[in-house]
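Below is one structure, written out as structure tokens; the observations come after it.
Number of protein chains: 2
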Amino acid sequence: MATIIDGRALAKKINAQTHKRVAKLNQQGIHPGIAVVIAGDDSASLIYTRNKHKKAMKLGINSILRKFPRDISQNELLAEIDNLNKDDSIDAILVQQPLPPQIDQKTITNAILPEKDVDGLNPLNLGKLFANQNTNHPIACTPRGIMRMLKEYEVQLKGQNAVIVGRSILVGKPLLALLNNADATVTMAGRNTRDLTKLTQTADILIVAAGVPHLIGAADVKAGATVIDVGINRLSTGKLTGDVDFDSVKEKAGLITPVPGGVGPMTIATLMEQTVDLAQWRHHG
Amino acid sequence: MATIIDGRALAKKINAQTHKRVAKLNQQGIHPGIAVVIAGDDSASLIYTRNKHKKAMKLGINSILRKFPRDISQNELLAEIDNLNKDDSIDAILVQQPLPPQIDQKTITNAILPEKDVDGLNPLNLGKLFANQNTNHPIACTPRGIMRMLKEYEVQLKGQNAVIVGRSILVGKPLLALLNNADATVTMAGRNTRDLTKLTQTADILIVAAGVPHLIGAADVKAGATVIDVGINRLSTGKLTGDVDFDSVKEKAGLITPVPGGVGPMTIATLMEQTVDLAQWRHHG
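In the order they appear, the protein sequences are chains V and F.
As numbered in my numbering, residues 38 to 322 make up the first sequence, in order.
As numbered in my numbering, residues 38 to 322 make up the second sequence, in order.
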């Protein structure tokens with residue numbers, strides 16, 4: 038029976054630290070600020086952005102929400118990002134995905150000032166992470182939050198086999214870089230991977246971000262492994278579930294994150310923490 | 038018995054194309070130029086840079102060699118790179134490694150204009166590669182040359198297991214990104230990897246860039262695998278040898294590169310090709 042990683046408790050701890058850091062920065066006349074940009078009315082995105090907004094306010098971080106109609110042109114959106122790039126009260130810019138089809142995600146990502154790129158998606162920030170340049174640069178919040186969880190639960194990384202299922206730029210790729218930088222032996226698997234079970238069975242650390250409910254069952258997991266479930270899938274019953282069959286896998290794994298209450302709360306806590314980092318780096322270098 | 042990949046023949050073919058492209062650009066008044074920067078008098082580095090210089094001249098590429106004493110300060114070297122960044126006759130800047138200890142490799146790498154970064158080491162270029170942004174950007178020459186070899190010999194990548202031994206920023210990391218972008222399932226191993234043999238035995242494509250003579254023997258290789266040897270080690274007898282025990286592995290592999298005559302010639306040919314690419318991108322976008 039695995040130890041269940043309590044993402045909510047750890048997020049609470051990080052939020053308390055962030056709250057204190059904000060108060061300290063305020064005394065120095067620094068007021069961390071985040072701008073969340075949303076285009077269109079995807080209901081899940083609206084919920085996410087509202088939650089981020091509320092959390093920021095609660096921690097004393099200035100938060101502005103810029104909501105645009107789903108038919109906004111790419112040039113209009115670029116002009117808005119340019120304004121936020123130049124706005125001295127804004128330390129962090131987050132553009133909520135998915136964007137409407139007329140907008141090229143890559144063009145938007147590349148337009149965000151690297152120093153304000155709280156999602157860590159600008160290629161300059163991604164390249165610094167991949168190159169393992171030990172400088173101050175933002176890192177995608179979900180992967181950074183996962184690394185924080187692994188640290189909290191004292192999971193050894195060096196020399197361990199890590200398998201990441203899912204190759205997205207928001208989760209899989211930054212995690213690959215982070216685990217590689219931590220001297221794990223990392224494999225990244227995707228939909229083209231042959232014999233996924235054989236591969237995941239080799240993982241001391243298994244991270245699943247495929248967006249497929251219950252993709253990973255007990256037979257796919259090595260006994261004693263650390264299993265991190267990034268999936269958030271809503272079943273037709275309305276119930277939230279992960280990419281891992283929690284009930285069976287928890288009997289075999291050594292450590293496991295639940296869904297909800299695992300990776301999710303850590304992502305928002307890390308977003309807040311990183312917003313404060315960006316403010317600090319911008320003002321203090 | 039494996040098919041032996043003929044790196045020299047393919048390099049010759051690429052060089053012939055590069056030569057023609059240079060002639061065509063010359064007719065448009067464009068004269069591709071590369072600057073090779075070397076600090077100190079490491080004898081292997083001097084040989085490499087001289088070979089690059091000679092090859093460039095032979096293909097009609099303008100080549101300048103900037104040789105500095107090994108006690109050059111970082112600021113002096115940065116000033117020289119700045120000059121080359123601004124020099125309109127220079128399309129490609131290559132700083133030969135290793136640099137003397139008073140110079141921070143990362144600082145130098147980050148100072149090269151991304152548009153002239155023929156080694157593809159600037160984090161912006163590395164990030165674009167990792168993010169799989171399908172734009173024009175330079176890629177480290179050895180990995181790009183290896184991908185060209187795999188293409189020439191029609192090696193399937195999608196869904197295949199690729200294992201890279203060696204995690205350097207010049208070889209291992211860009212290859213990881215390239216093979217991942219080609220939909221292979223990629224594992225990157227290093228000196229901390231547990232049970233390397235078990236891992237390499239799973240590889241349909243095995244790329245070895247560890248700098249350890251004969252690290253990989255026949256028992257480490259899956260029958261029929263494609264084996265790419267990036268190692269160039271000089272034995273005490275003076276003989277050059279790779280990281281792969283060629284004589285035994287060639288009996289088991291499907292495809293294999295020899296050392297010398299495999300990856301080496303491809304790297305220089307790719308450097309020349311990419312210098313012309315950079316000239317073309319800079320003038321024609």
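Ideal Cβ placement from N, Cα and C applies to all residues, glycine included.
Fair warning: this is a prediction, and the values are worked out from it, not measured in the lab.
- Within the same chain, Met186, Thr294, Gly298, Gly299, Val300, Gly301, Pro302, Met303 come within 7 Å of Gly44(V) by CB-CB distance, once the 5 residues on both sides are set aside.
- Classified as exposed, Lys188(F) has fewer than 16 neighbouring CB atoms from the shown chains inside 10 Å of its CB.
- With contacts defined by Cβ atoms closer than 8 Å, Val286(V) and Val258(V) form a contacting pair.
- In chain order, Gly196, Thr222 make up the part of chain F whose C-beta sits under 8 Å from the C-beta of Thr230(V).
- Excluding residues up to 5 positions away in sequence, Glu310 lie with their Cβ nearer than 8 Å to the Cβ of Gln54(V) in the same chain.
- Among the CB atoms of chain V, none fall inside 8 Å of the CB of Arg58(F).
- A contact between stretches requires three or more CB pairs, one per stretch, nearer than 8 Å, and the region 205-213 of chain V meets this requirement with the region 177-185 of chain V.
- Identification of residues in the region 165-182 of chain F having a C-beta nearer than 7 Å to some C-beta of chain V yields Lys165, Phe167, Ala168, Gln170, given in sequence order.
- Using beta-carbon distances, Met184(F) does not count as an interface residue toward chain V, since no partner is under 8 Å.
- At a cut-off of 8 Å between C-beta atoms, Pro160(V) counts as an interface residue with respect to chain F.
- Asp154(F) is positioned such that its CB atom lies no closer than 8 Å to that of Gln111(F).
- Linking Leu272(V) to Leu308(F) through their CA atoms gives a straight-line distance of about 52 Å.
- Rounded to the nearest angstrom, the gap between the Cα atoms of Asp280(F) and Asp220(V) is 21 Å.
- Between Arg58(V) and Val313(V), the gap from beta carbon to beta carbon is short of 8 Å.
- Restricting attention to Lys91(F), Gln64(F), Glu117(F), Ala46(F), the CA atom closest to the CA of Ile75(F) is found in Glu117(F).
- Within chain F, not a single residue places a beta-carbon under 9 Å from that of Ile149(V); the smallest gap is close to 13 Å.
- Residue contact check for Leu163(V) against chain F: a CB pair falls below 8 Å.
- DSSP places Lys89(F) within a helical segment (H, G or I) once states are collapsed to three.
- For Ala226(V), the nearest CB of chain F lies under 8 Å from its own CB, placing it at the interface with that chain.
- Interface flag for Ile206(F) against chain V is set, since a Cβ pair is found closer than 8 Å.
- The beta carbon of Ile127(F) lies closer than 8 Å to those of Gly70, Ile71, Ala72, Ile101, Leu121, Lys153 in the same chain, with the five residues before and after it left out.
- In terms of Cα proximity to Asn159(F), the closest of Ile51(F), Pro138(F), Gln317(F), Leu131(F) is Leu131(F).
- With its beta carbon at least 8 Å from every one in chain V, Lys50(F) lies outside the interface.
- For Ala260(F) and Gly291(F), the gap between their C-alpha atoms comes out near 7 Å.
- Chain V places no beta carbon closer than 8 Å to that of Asn63(F), leaving this residue out of the contacts.
- Residue burial annotation: Gly322(F) is exposed, with fewer than 16 other C-beta atoms found within 10 angstroms of its C-beta.
- Going by beta carbons, Ala247(F) and Val202(F) fall inside the 8 Å limit.
- A distance below 8 Å separates the beta carbons of Asn229(V) and Lys195(F).
- The Cβ atoms of Ala262(V) and Ala240(V) lie closer than 8 Å to each other.
- Against Lys143(F), the close residues of chain V are Gln170, in the order they occur along the chain (beta-carbon pairs closer than 7 Å).
- Nearest to Ile51(V) by C-alpha distance, out of Ile305(V), Lys61(V), Glu113(V), Asn270(V), is Ile305(V).
- One Cα belongs to Thr237(V), the other to Arg204(V), and the distance between them is close to 15 Å.
- Rounded to whole angstroms, the gap between the alpha carbons of His90(V) and Lys61(V) is 21 Å.
- Sequence-distant Cβ neighbours of Thr86(V) in its own chain, meaning closer than 7 Å and more than five residues away, are Val73, Ile75, Leu102, Gln133.
- Under the criterion of beta carbons closer than 8 Å, Leu252(F) and Val200(F) do not qualify as touching, at roughly 12 Å.
- DSSP lists no bridge partner for Ala81(V).
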